[in-house]
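Novice: The sequence shown runs -3 to 105 under the numbering used here. Every residue, glycine too, gets a C-beta built ideally from N, C-alpha and C. Before anything else, here's the structure in question.
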Amino acid sequence: MMSEDGKIRIEKFDGQDFGWWKMQVEDLLCQKDLLPCLTSQKPEKMKDEEWADLDRKALAVIRCTLTKSVAFNIVKETTARAKSPADMFTKTVVLDKLKLCIASAGLLE
């Protein structure tokens, strides 16, 4: 995950080894202070614009770690976190939606 120059490098997810990729992406989001976008609601004291900016950055990190064929499955997503109450209860996020899309396409090992 860490290269010699100190930068984090994650091999682009191609439909194989989802659990390993997800762990690395969550760690990267944590390091960039973006993990709350996946795991919690917007803090009351934070402006909507600030939260939207953080959320968009989290989504960008996720998308940048996907191959083209996999990224196509979440191209219409506008947030790193699902919005419905049911999704919030089950903590479904783009990462898990991506896994479902890949599995249904027969690309997941």
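(1) Beta-carbon within less than 7 Å of residue 8's beta-carbon, same chain only, minus the 5 sequence neighbours each way: which residues are those?
(2) With residue 30 and residue 66 assumed to form a contact (beta carbons below 8 Å), what rounded beta-carbon distance in angstroms separates them?
(3) Does DSSP put residue 77 in a helix, a strand or coil?
(4) Excluding sequence positions up to five away, which residues of its chain have a Cβ less than 6 Å from the Cβ of residue 51?
(5) Less than 7 Å between the beta carbons of residue 70 and residue 94, yes or no?
Specialist: So, from the listed chains and residues:
(1) Taking the first residue of the sequence shown as 1, we reach residue 8 at position 12. Correct list, in chain order: 61, 62 and 63.
(2) Numbered from its first residue, the sequence shown carries residue 30 at position 34. Numbered from its first residue, the sequence shown carries residue 66 at position 70. Actually they do not touch by this definition, with Cβ atoms about 20 Å apart.
(3) On the sequence shown, position 81 is the one that residue 77 refers to. Strand.
(4) Along the sequence shown, read from residue 1 onward, the residue named residue 51 stands at position 55. Cβ within range, chain order: 33, 75 and 76.
(5) Counting from 1 along the sequence shown, the entry for residue 70 is found at position 74. Counting from 1 along the sequence shown, the entry for residue 94 is found at position 98. Yes.
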